[in-house]
Structure formats: structure tokens, C-alpha cells
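One structure below.
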Amino acid sequence: MKLRTPLMALAAIVLLAASVSTPVAAKDETKSVFVMSRTWAVTKVSDEPVIYRATRDNNNLNPFGPPPRLRTLQAIAAIQQATGCKPIVTSMYQNISGQFFSQVSCG
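Those letters in the sequence shown? Residues 2 to 108, by the numbering used here.
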């Protein structure tokens, strides 16, 4: 009897936390492009200034995948293919997860 009340409270907290934490959808559509035998997902993350994020599919760390290529060159090509605009290389940076962020110039 003494154990039932804390377990009921814990179950209520878990259900409340599960209902509150809904997955966040991306603001804009993600485009998949194929660059140098690899798949990249490019998403617009900011409107002012216009910034895109490029994320490479790691192909489940397949050791028998295509030969290695420089990721920075792939990210530049992926953003350019997905947007039709040229990435501003001096604004490009990479986070610890391997995602590339860059402003673009459409002029």
C-alpha cells in the first residue's frame, strides 16, 4: 500500500512528460542531393541572414562504401545543388556533429 502511491505519482509524471515532449518539425523543407557518391540533406535554418545546413548521410558507417572525399567540398556542392545559390565559403562552419552551416549568395 505504501509503495502504490509513489508508483502512481511516478507513472503520472512519465505520462505527462511524454505528452509534453512532442517532436519538433523542421521549419522548411529538407532537400536531398547526391554529391560525389554520397547523399546530403540540405535545410534552410535561418531567414535573415539566409543560412543553410548540410548534413551528410553516414550510410550506417559502411566500410565498403565509396572512396573517401573531403567533406567541406561535398558540403559546398550540396548546398549549391539544393539551393541554386553559391555558398559564401568564408561564412561556412562545421559543428561537432559534422553538420555544415553556410550563408548563400544568390546574386
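Glycine residues also receive a C-beta, built at the ideal position from the N, C-alpha and C atoms.
Alpha carbon to alpha carbon, how far is PHE65 from SER33?
If you take the alpha carbons of PHE65 and SER33, they lie about 22 Å apart.
Go to THR73, then tell me how far its alpha helix (DSSP H) extends in each direction, as first and last residue.
Per DSSP, THR73 belongs to the alpha helix (DSSP H) from 72 to 84.
Give the DSSP-derived three-state secondary structure of SER38 in the structure shown.
Of the three classes helix, strand and coil, the one that applies to SER38 here is coil, per DSSP.
Could you check the C-alpha separation between LEU62 and PRO68 for me, to the nearest Å?
Cα to Cα, LEU62 sits roughly 13 Å from PRO68.
Tell me THR56's beta-bridge partners as DSSP assigns them.
According to DSSP, which records beta bridges pairwise, THR56 is partnered with ALA42.
Can you check whether the CB of VAL46 is closer than 8 Å to the CB of ALA79?
Not a contact, by the Cβ cut-off of 8 Å.
Kindly indicate the opening and closing residues of the beta strand (DSSP E) around SER98.
Element bounds for SER98: n/a, residue is neither H nor E.
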